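Participant:
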Amino acid sequence: MSLIGMFQGAGPTGFGYNSTAEMVTEGLDLTGKTYLVTGCNSGLGFETIRVLGMRGATVIGGARTTEKAAAALAEITAAAGVTHIPLACELSEPASVRAAVETVRGLGVQLDAIIANAGIMALPERTVQHGFELQFLTNHIGHSILVLGLLEQLTPKGRVVMLSSEAHRQAYSEGVRLNDLDAAGGYSSWGAYGQSKICNLLFAKALAKRLPAGQTANAIHPGVIPTNLARHMPAFVDTLMKSVGTAIALKTIPQGAATQVYVATHPDAVTVSGEYWSHCNVAKASAKGRDDALAEALWEKTEAILREL
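In the numbering used here, the protein residues as written are 79 to 387.
Structure follows, in structure tokens:
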């Protein structure tokens with residue numbers, strides 16, 4: 079437990095900062111349910127699929143390669159009669175994501191939730207791929223292709239969980255630079271990352287308005303956790319986070335996975351949609367993260383991008 083965590087109590091849901099993914103699913107039987115999780119091979123993604131498997135669910139685990147996904151799935155529990163399914167899904171490559179969509183459709187399965195967990199963070203230099211800054215492309219566009227392509231596979235009470243971050247508050251002042259998505263007008267590693275995370279949040283907000291009654295879409299902040307996501311941070315910062323940060327403020331990986339697992343599985347979250355969650359409870363996003371007009375503008379821009387990619 080971090081020092082900050084010691085002073086964090088439970089919220090209205092009965093869970094909070096110190097809750098773990100196992101705690102929020104205690105007593106749940108997920109037998110017969112199927113969950114798709116991106117970034118399944120490490121960090122929060124691996125903990126998410128581990129707990130889902132422990133509770134009896136079938137997991138479709140997405141990673142950059144089938145081999146990485148299969149290796150991760152081989153390490154988690156499979157209930158009797160359950161076969162977990164590895165999925166190649168390189169989010170920065172639209173063709174790979176669309177192939178993943180077709181693979182899942184071909185399985186003929188219904189999805190109880192899509193957990194858009196994977197992502198990249200704070201690239202030190204501006205990187206452009208397919209005409210877009212790489213964090214925007216990977217974290218937002220890649221997941222948009224995946225989620226929108228699989229909406230018909232969602233169960234009547236299916237859930238979409240987008241992994242956002244409190245870093246959405248560090249986005250550029252516009253929230254999303256809709257006319258500069260390749261960052262040609264100026265690049266900031268944290269500004270670009272924050273932009274991609276506010277996009278995840280606004281995407282969930284806009285999607286929630288478009289889903290039929292019964293289905294939900296939400297965005298979540300997992301907490302600050304020492305995972306591979308920080309691999310692009312300066313070495314001394316990464317070392318500091320891992321050596322002293324955990325004792326001061328950072329969550330453990332089991333704690334970090336709790337919010338996305340709660341929102342994806344818990345019966346008490348089944349009717350909540352279009353919200354931003356933190357520490358297993360509904361939280362207040364930034365002003366830009368609550369901006370309906372920006373969410374709609376991003377939705378329209380995203381649709382246009384997907385038609386071109």
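Backbone N, C-alpha and C fix where the C-beta goes; we use that ideal spot for every residue, glycine too. These figures come from a predicted structure and were not determined experimentally.
At what residues does the beta strand (DSSP E) containing P234 begin and finish?
Facilitator: Counting along the chain, the beta strand (DSSP E) containing P234 begins and ends at 232–241.
Participant: Alpha carbon to alpha carbon, how far is L165 from F214? Give it in angstroms, no decimals.
Facilitator: Straight-line Cα distance between these residues: approximately 22 Å.
Participant: Who are the Cβ neighbours of E100 in its own chain at under 6 Å, not counting the five residues just before and after it?
Facilitator: V129, listed in sequence order.
Participant: Helix, strand or coil for M319? Go by DSSP, reduced to three states.
Facilitator: A caution first: M319 carries a pLDDT of 44, below 50, which makes its placement in the model too unreliable to give a value.
Participant: Around the C-beta of G186, are 16 or more other C-beta atoms found within 10 angstroms, so that it is buried, or is it exposed?
Facilitator: G186 is exposed by the Cβ-count criterion.
Participant: In whole angstroms, what separates the C-alpha of P304 from that of P332?
Facilitator: Those two C-alpha atoms are separated by around 11 Å.
Participant: Provide the residue(s) that pair with H221 in DSSP beta bridges, ordered along the chain.
Facilitator: H221 pairs with nothing; no bridge assigned.
Participant: If you run the structure through DSSP and keep just helix, strand and coil, what is G186?
Facilitator: Residue state, collapsed to three classes: coil.
Participant: Nearest to T112 by alpha carbon, out of T205, G236, R176?
Facilitator: Cα-wise, what sits closest to T112 is G236.
Participant: What is the DSSP secondary structure of G139, reduced to helix, strand or coil?
Facilitator: DSSP places G139 in strand when its eight states are reduced to three.
Participant: Between G367 and A336, what straight-line distance do the alpha-carbon atoms span, to the nearest angstrom?
Facilitator: Between G367 and A336, the C-alpha separation is close to 22 Å.
Participant: In this structure, what does DSSP give as the bridge partners for F210?
Facilitator: F210 is bridged to Q207.
Participant: Name the two residues that bound the continuous beta strand (DSSP E) containing T112.
Facilitator: Segment 112–116, the beta strand (DSSP E) holding T112.
Participant: When the Cα of V102 is compared with those of G89, C118, L384, which residue comes out closest?
Facilitator: Among G89, C118, L384, the Cα nearest to that of V102 is on G89.
Participant: Thinking C-beta only, is V254 closer than 9 Å to L280?
Facilitator: Contact flag set, yes.
Participant: Restricting to Cα atoms, I'd like to know which of P290, Q248, Y340 is closest to A297.
Facilitator: Considering only alpha carbons, the answer is Y340.
Participant: Given a cut-off of 9 Å on the beta-carbon distance, is the pair Q293 and S351 in contact?
Facilitator: Cβ atoms of Q293 and S351: closer than 9 Å.
Participant: Where does the unbroken beta strand (DSSP E) through A284 begin, and where does it stop?
Facilitator: Not the beta strand (DSSP E): A284 falls in the alpha helix (DSSP H), residues 267–288.
Participant: Do you know offhand how far E104's Cα is from D260's?
Facilitator: C-alpha separation (whole angstroms): 44 Å.
Participant: When you compare only the Cα positions, how much space is there between C167 and A361?
Facilitator: Rounded to whole angstroms, C167 to A361 spans 30 Å at the Cα level.
Participant: How far does the beta strand (DSSP E) with A99 in it reach, from first residue to last?
Facilitator: That residue, A99, is in no beta strand (DSSP E); its alpha helix (DSSP H) goes 99–102.
Participant: Could you tell me if V348 is buried or exposed, where buried requires 16 or more neighbouring beta carbons within 10 angstroms of its beta carbon?
Facilitator: Per the 10 Å Cβ criterion, exposed.
Participant: If we ignore side chains and look at the alpha-carbon of each, how far apart do L232 and L201 end up?
Facilitator: About 33 Å.
Participant: Can you round the beta-carbon distance between V115 and N217 to whole angstroms, since I take them to be within the 8 Å contact cut?
Facilitator: 15 Å between Cβ atoms; not a contact.
Participant: Within 10 angstroms of its Cβ, does A295 collect 16 or more other Cβ (buried), or is it exposed?
Facilitator: The residue is buried, with at least 16 neighbouring Cβ atoms inside 10 Å.
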